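> Sharing a structure here in structure tokens format.
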Amino acid sequence: MITNNLKKRIFTSVLLFILLFLIYNFNFFLIYTLIVLGVLSSIEFYNAIDKIIKSKLLTLSMNSIFSIFVSVFCYLFLFFSFNAQLKLIMFIILLGCIFSDIGGYLFGKTFGGPKLTKISPNKTIAGSVGSLLISATTVFVLFFIFFGIYNLNILFVGLITSLACQAGDLFFSFIKRKAKFNDFGKYLPGHGGVLDRLDGIFFGVPSGLLALAILN
Numbered sequence: 175m176i177t178n179n180l181k182k183r184i185f186t187s188v189l190l191f192i193l194l195f196l197i198y199n200f201n202f203f204l205i206y207t208l209i210v211l212g213v214l215s216s217i218e219f220y221n222a223i224d225k226i227i228k229s230k231l232l233t234l235s236m237n238s239i240f241s242i243f244v245s246v247f248c249y250l251f252l253f254f255s256f257n258a259q260l261k262l263i264m265f266i267i268l269l270g271c272i273f274s275d276i277g278g279y280l281f282g283k284t285f286g287g288p289k290l291t292k293i294s295p296n297k298t299i300a301g302s303v304g305s306l307l308i309s310a311t312t313v314f315v316l317f318f319i320f321f322g323i324y325n326l327n328i329l330f331v332g333l334i335t336s337l338a339c340q341a342g343d344l345f346f347s348f349i350k351r352k353a354k355f356n357d358f359g360k361y362l363p364g365h366g367g368v369l370d371r372l373d374g375i376f377f378g379v380p381s382g383l384l385a386l387a388i389l390n
């Protein structure tokens, strides 16, 4: 039986894929989406850090560092989008991140099994393996379709992308648990807040692109 939360998750996921299509094809959507997501993720991070750290100076420092990171991430994402080939590569890595999350969810729900870590109780070893397999397969297949490239290096890029995504997920999950939040926000029904969706992407996209530059 499909629960109400799963229905919301599927509906929101469909909308996010439509948004992904729009931002790939129209830079107008990309610019405003980056602004909105950047601002919302910064607000969610601030709310969490404010719950964890009592020192105003340390809170300001942490939030400043995160805001700078998000700004640089968004700028580079936009900068790469003005070159057709770089844009396609970046979106392939982005899809690798998205399908890493999907693979983790499907494998975790299907196979269950031992938990991966106490930081995020819903994460399982099976889910982690599923993330690696689905992400690597997605990146490999898309590079073959669009560039005719098929080699082990591309598989490694997919694996590194997934590992970075999972590291980002765990990092932000740690912050979320320390703040005693179930979710960072309620902007995305069935998913939580913006950071609940971008946590892995913030780590995965830069890591995937760096791995591709080094290995190829």
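So for the sequence shown, my numbering puts the first residue at 175; every next one is plus one. Virtual Cβ for every residue (Gly too), placed ideally from N, Cα, C. Quick caveat: nothing in here was measured; it's all calculated off a predicted structure.
What's the gap between the Cα of A258 and the Cα of L280?
One C-alpha to the other measures close to 32 angstroms.
> If contacts are defined as beta-carbon pairs under 8 angstroms, then S381 and Q340 qualify, I think. What distance do you get, rounded to the angstrom?
The Cβ separation is near 11 angstroms, so there is no contact.
> Span of the alpha helix (DSSP H) holding I276?
Residues 258-285.
> Where F376 and G342 are concerned, what is the direct C-alpha to C-alpha distance, given to the nearest angstrom?
Approximately 7 angstroms between the Cα atoms of the pair.
> Using the C-alpha atoms, what's the distance from S305 back to D275?
Their Cα atoms are separated by approximately 6 angstroms.
> For L268, which option in G374, N390, I388, L389 has the closest C-alpha, if you only look at C-alpha atoms?
When only C-alpha atoms are compared, the closest one is G374.
> According to the neighbour-count rule (16 or more other Cβ atoms, all chains shown, within 10 Å of its Cβ), is T284 buried or exposed?
Exposed, since its Cβ has fewer than 16 Cβ neighbours within 10 Å.
> Using beta carbons (cut-off 9 angstroms, strictly below), is A300 in contact with chain D?
Among the chains of the structure shown, chain D does not appear; only one protein chain is present.
> Near I226, what residues of its chain come up, given a Cβ to Cβ distance below 6 angstroms and the 5 sequence neighbours on each side ignored?
K352, A353, listed in sequence order.
> Kindly indicate the opening and closing residues of the alpha helix (DSSP H) around I293.
Taken as a continuous stretch (DSSP letters only), I293 belongs to no alpha helix (DSSP H), as it is neither H nor E.
> Under the three-state reduction of DSSP, which class applies to G374: helix, strand or coil?
Three-state result, G374: helix.
> Just mark K360 as buried or exposed, buried being the case when its beta carbon has 16 or more other beta carbons within 10 Å.
With fewer than 16 other Cβ atoms within 10 Å, it is exposed.
> Per DSSP, what kind of secondary structure is G366 in: helix, strand or coil?
DSSP places G366 in strand when its eight states are reduced to three.
> Spatial neighbours of L307 within its chain, please: C-beta separation below 7 angstroms, excluding the five flanking residues on both sides.
Here the set comprises G277.
> Mapping the DSSP letters down to three states, classify S396 as helix, strand or coil.
As displayed, the chain neither begins before 175 nor continues past 390, which places residue 396 out of reach and without an answer.
> Quick check on the burial criterion: 16 or more other C-beta atoms within 10 angstroms. Buried or exposed for I349?
When all chains shown are included, I349 counts as buried.
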